Amino acid sequence: MSKLLIPVDYSENARIAAFYAAQIAATTHDEITLFHSFTSHINKFANAKHLVDPTEGEARHQMEKLVAELLQEYPSLKISTLFANGILAETLEKQEIKENYQTVVMGTKGVTGLESVLIGSNTYDVIKESKIPVLAIPKNAIKFKNDNIALLTNFKPGELEVLKQAIPLYGKNFHLQLIHINKNELEINTLGDKLENWIEEIIAETGIEDISYIIKSPSYFAGSRENIANGIHTIIRDEDVDVILITKSRKTFFQNIFTENIVKHLAFEIEVPNFFGRVE
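Just so you know, the sequence shown maps onto residues 1 to 280 in this note's numbering.
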């Protein structure tokens, strides 16, 4: 049994992420841990060891309320809680998080606009720094769906590892949609052969057999990295994608196409859960 770690600030976005994680756990029999970070301690109470932050009691009360709501809908769900002091992203960098948890499941504002939550703050910092995969949940992802999962691919071994990281959450009984941006402008026949060989390798490594692919030329995105993000959103909508898997590694597609600015740009319009796999 593995554990899912859900950072909560008691916002509606965090609540949606917690219920999404609960739906995963109800299927996989995983345990979820609701995690709250007391960031206000840093500035207000750093030099006052014997004082208690007055917001702490309210935070613990809100945690109890959220646990009760989850158990009301999922009575057999195994839930633990965790509290810590400090910046969320820094807390999640600690080695014990990597050792004890499988995935961070974190809420975002999604299609309502992500700037105040993601850009330059907790969720984006967690995506960049987390030692374990991060599953970012938009506000509209009320129902857990895993019929059609997309993988951004450039035929790198790390992408297989990310797919394997997602399998414990989503299983193998889904359609895998490979999305490849042909930035090297390979001939379609050559690229088709590469994709067919890549599909055979995915099947052999993961056991997932229902696979198709989409190839897009950079000209489809009008030569702009921002337009690449917009184009991928269009693909996600057109193909009715439930989840998109993104490889986070300097040596893979994530860094070649998804620079820091592109990750931010994608985040503004996040419409489906984004699984950011971690590859060393």
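Ideal placement from N, C-alpha and C gives every residue a C-beta, glycine not left out.
No experiment lies behind these values; they were computed from the predicted model shown.
{"Query": "Excluding sequence positions up to five away, which residues of its chain have a Cβ less than 8 Å from the Cβ of E31?", "Result": "M1, S2, K3, L4, A25, K78, I79, S80"}
{"Query": "Taking a contact to mean a Cβ-Cβ separation below 8 Å, would you say I208 touches I235 in this structure?", "Result": "no"}
{"Query": "According to DSSP, L70 sits in a beta bridge with which residue or residues?", "Result": "L70 is not bridged to any residue."}
{"Query": "Just how far apart, CA to CA, sit T108 and D147?", "Result": "22 Å"}
{"Query": "Would you give the residue range spanned by the beta strand (DSSP E) that A136 belongs to?", "Result": "134-137"}
{"Query": "Determine the closest residue to N13 out of I142, S76, F275, D240, with distance taken between C-alpha atoms.", "Result": "I142"}
{"Query": "Where do the N-terminal and C-terminal ends of the alpha helix (DSSP H) with E187 fall, by residue?", "Result": "That residue, E187, is in no alpha helix (DSSP H); it is neither H nor E in DSSP."}
{"Query": "Once DSSP output is grouped into helix, strand and coil, what is the label at I203?", "Result": "helix"}
{"Query": "Is K172 buried or exposed, if buried means 16 or more other CB atoms sit within 10 Å of its CB?", "Result": "exposed"}
{"Query": "Given a cut-off of 8 Å, decide if V272 and V243 are closer than it, judged by their beta-carbon atoms.", "Result": "yes"}
{"Query": "Rounded to whole angstroms, how far is the Cβ of K131 from the Cβ of K156, which I believe are closer than 8 Å?", "Result": "Not really, about 20 Å apart at Cβ, beyond 8 Å."}
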